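Numbering (my numbering), first residue to last: 1 to 111.
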């Protein structure tokens with residue numbers, strides 16, 4: 001059964017928030033060895049470790065950044081992951097802005 005998904009609970013994931021054991025997002029990634037090379041520095045990664053960072057990722061990264069995550073995927077999924085209503089609303093809004101071309105301007109930042 002090699003195709004079966006592996007899962008980790010939120011409680012287990014929260015134990016993985018140290019510098020040498022850094023995991024992020026509802027689909028679990030390990031960026032420990034790459035943290036020092038992160039263009040935004042390792043501080044954002046450390047502050048967001050052990051929790052879902054989808055909204056932060058969407059806010060501070062272009063859509064093309066998703067393709068770089070695959071190499072860090074641990075093959076674990078968060079067992080009890082759910083998207084809050086606030087996050088769903090934010091993602092819909094960000095998607096609408098993207099469709100309208102509002103993120104095409106270089107150096108666009110959200111604060």
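C-beta atoms are modelled at their ideal positions from N, C-alpha and C, and glycine is treated no differently. This structure is a prediction, so every number in the text was calculated from the model and none was measured.
What does a CB cutoff of less than 7 Å around residue 99 pick up in its chain, not counting 5 residues either side in sequence?
none
Take residue 5 and list the residues in its own chain whose beta-carbon comes closer than 7 Å to its own, dropping the five residues that flank it on each side.
77
Considering only DSSP beta bridges, list what residue 77 is partnered with.
7 and 27
Taking the alpha helix (DSSP H) that residue 35 falls in, what are its first and last residues?
From DSSP, residue 35 is part of no alpha helix (DSSP H); its letter is neither H nor E.
Is it buried or exposed for residue 75, if we count other Cβ within 10 angstroms and need 16 for buried?
Answer is exposed; the Cβ neighbour count stays below 16.
Would you identify the three-state DSSP class for residue 93, choosing helix, strand or coil?
helix
Ends of the alpha helix (DSSP H) at residue 68?
Neither: residue 68 is in no alpha helix (DSSP H) and is coded neither H nor E.
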